[in-house]
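Going letter by letter, the sequence shown gives residues -31 to -1, 1 to 588 in mature numbering (1 follows the signal peptide of the UniProt record, and there is no 0).
Beneath this line is the structure, given in structure tokens, with notes to follow.
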Amino acid sequence: MRGRSCARKAIPVSVFALLSGIALLVGPSSAATGATGVRAEDAICNSMHTLKVPTDESAKATAIMAGTVDMGMYGTMKLAKNPNWKPQAGLDTAGDRYMNSLHWALPLLREGTRPGNKQAAAQTARFVALLHDWVADHPVADRTKWINHPQYAGFRLGTFVCAHRLLTDKSEKAWMAAQIKIDLGVLLAAFTTTGANNTMLNAQLAALAGAYEAGTTSQRAAAVANVAALRSTLMNPDGSDIEGAPGYGAYLGEILVRTAKVLTAYGLSGDADATRTLISRQADFLTQASRPDRRIESIGDGELKTIRTGVYPSTSSANWLATKGAEGTRPSTLYSRWQGGYVFGHSGWRAGNRDGLSSFYSLRTSTQAPLTAHRHLDTTSVTFFSKGVSWIGDPGPYRYDGSALRGFITKRGAHSALVPTGSMTTNAPGVVKYSSSSDLVDKTCVLDTAYQATTGVQLLRCVYYLRSLDALVVQDFVRTTGPAPTGSSAVKQQWVLSPMVTSTAVAGGAQLRLDGVTATGLKRTGSFITTGDASVSPAGSTLGVFGTTYGKKADGTVVTVPLVAKAGGATSSVTTVIAPTDAPLSTQTGTSANGRPTLKVIAGADSQRFVLALTTFPS
């Protein structure tokens, strides 16, 4: 109910009739028969919001009838008999906004169309009453930008589409059609003013269904054209995501599957095939972005998640990962660079629920474009997962709210990266200056220009993965460019150890012993050495706090190694080595037979020597 008026809102007569059990809005097959049954599936309705609709949502419907709505990771909504549709303490910002999508009420409608459900009439009546209530409380002229945002308006339009398809009462179908036309106009207009991402595809998918249900011929054509246009902008040509968060790439894949199903249902087979091509293109990227524990690394706003079955082709590497090696094609690639600004490295691929022997690392090479809501300013950020332990982690998304933690984790200072003091240019590119891989070593060097214009500081990070030693080597360089800054500008090499890892200083602080625990409770030991002066501190209120599981916080440990950008353009450097071993670590510099600088990493009785890719800033 709108707060500015105490008058009782007008509820349509048909809804009062439903609430009294006098009329049914669904077909006779849904009437109580004294026996349970399987509801009829609607391919279009079922593709509006989820990849696969559960066949039994009776528990959800019962909870909603009792006034409790589980909004998943966004919180729990309390549903009054006469809702006021205002933000609630039990929801985060996204949950408050998803309240206006109305899709959370669909279990009432779907259970109301299931044969043998004795609560069908009451549940359907409550569903219809909620939609009428929301519309009465939200006149079109008063709908805010968030209410009409493509994400929430898209889900809401999908809800009206479902209602229009499943209800049989003519007056209510007509009312739903009228609501479809309103949101359809909003979403078609939004396409020309809002960026292309997974949200917009979801919105145009709903617009396509809305246009075919209650729109004009020109609106149908516009929606189909919009979906087709999105296909060329939703991901990079190599299949990597544009969101700055591989986990959102996985979400996009699920929306693409739903889109293909709706296109097929409306007879648009050519567009459906083109959409499936996009799905196939993405498979290898998400495979490479996944750790040995089968979860996509939590980069940007992507929380740790697994690839879902039923999304990617049965023969794909993504399906191999999703099925733990039971189906699909075992990956063979161990090192890969992606246009989305990523490098991923693997030591190997083993089937099974999780791989407790292999290693994985990631390097963020650029966060320049596009400027999406889910990217973090994390160029030069590194993660390292080995022997079942996330030694160096990513802070994750935490949750969508206005907290200091949420604001902090999107910034450079939250990551295992090169972190200067001062402001940065948020759209400055990272530029890969060297990239190679062999059976012995991966080499990647990225030049980071984000602080050059603002503080006169230039950064270079070279990451090496030593395959025979299973060690990650990171060599960082910093120098001033252009006019020398006043005094010096501090830069720190920052490492954020995950909550499953603790550290103990050994060898006078030059080396750290890392103690980790796998997801199955196995203890692992690692080592960390640096040529700099490392300091260790527990997590604070924001730095070192992980939110890789959405909405939950866990404290890690922060290791910092200072560098100084010296006046006059002099270069400073530091080298750090991390390895999942309890053997003592050390390094030795040297020269190859042809005069090139080398580094030898020694781990107990084992060692590996390699030629450095760069030893100073490239000209």
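The beta-carbon is built from N, C-alpha and C at its ideal position, and this holds for glycine as well.
Here the C-alpha atom of T560 lies approximately 12 Å from the C-alpha atom of T584. Under DSSP, Y433 shares a beta bridge with K412, V442. At a Cβ-Cβ threshold of 8 Å, A89 and G81 count as neighbours.
Counting only the Cα atoms, T500 lies some 21 Å from D484. One thing to note: R125 has its Cβ within 8 Å of the Cβ of D152. Excluding sequence positions up to five before and after V401, its CB lies within less than 6 Å of the CB of T334, V415, all in the same chain and listed in chain order. Take V530, set aside five residues on each side of it, and the residues of its chain with a beta-carbon closer than 6 Å to its own are Q462, T499, G501, A503, V543, in chain order. Of D575, R323, T185, F354, the smallest CA-CA separation from S437 is found for D575.
DSSP places M469 outside both helix and strand once states are collapsed to three, so it counts as coil. M17 is a Cβ neighbour of C131, given a cutoff of 8 Å. Where H345 is concerned, there is no enclosing alpha helix (DSSP H), because DSSP gives it neither an H nor an E. Rounded to whole angstroms, the gap between the alpha carbons of E296 and S359 is 27 Å. Note on the region 14 to 69: whole beta strand (DSSP E) runs with a minimum of 3 residues are 37 to 39, 45 to 47, in chain order. Counting other Cβ atoms within 10 Å of its Cβ, R264 reaches 16 or more and is therefore classed as buried. Taking the Cα of S588 as reference, the smallest distance to any Cα among T137, L568, V432, Q427 is reached at Q427. Judged by DSSP secondary structure, R381 falls outside any beta strand (DSSP E); it is assigned neither H nor E. Each residue's CA atom was taken as its position, placing R578 and A572 some 12 Å apart.
Assigned with DSSP and collapsed to three states, P366 falls in coil, not helix or strand. Contact check for V527 and A548: beta-carbon distance about 20 Å, past the 8 Å limit, so the pair fails to qualify. Around the beta carbon of T489, a 10 Å sphere encloses fewer than 16 other beta carbons of the protein chains shown; the residue is thus reported as exposed. Looking at the backbone, the Cα of T168 and that of D210 are separated by about 13 Å. According to DSSP, residue pairing for H133 in a beta bridge does not occur. Note on D270: 16 or more other CB atoms within 10 angstroms of its CB, so buried under the neighbour-count rule. Check the Cα spacing between T540 and each of L429, Y121, V470: the tightest is with L429. L568 is positioned such that its CB atom lies no closer than 8 Å to that of Q480. In the structure shown, the three-state DSSP call for R448 is strand.
Comparing alpha-carbon positions, the option among K55, G36, W54, P56 lying closest to K47 turns out to be G36. A direct Cα-Cα distance of roughly 16 Å separates R95 from H133. Look at M169 here: in three-state DSSP terms it is helix. In this structure, S286 is the residue among R83, W307, S286, I378 with its C-alpha nearest to the C-alpha of A320.
Judged by DSSP secondary structure, H315 falls within the beta strand (DSSP E) whose first and last residues are 311 to 315. Under the three-state reduction of DSSP, P84 is assigned to coil, being neither helix nor strand.
Counting only the Cα atoms, T228 lies some 32 Å from Y304.
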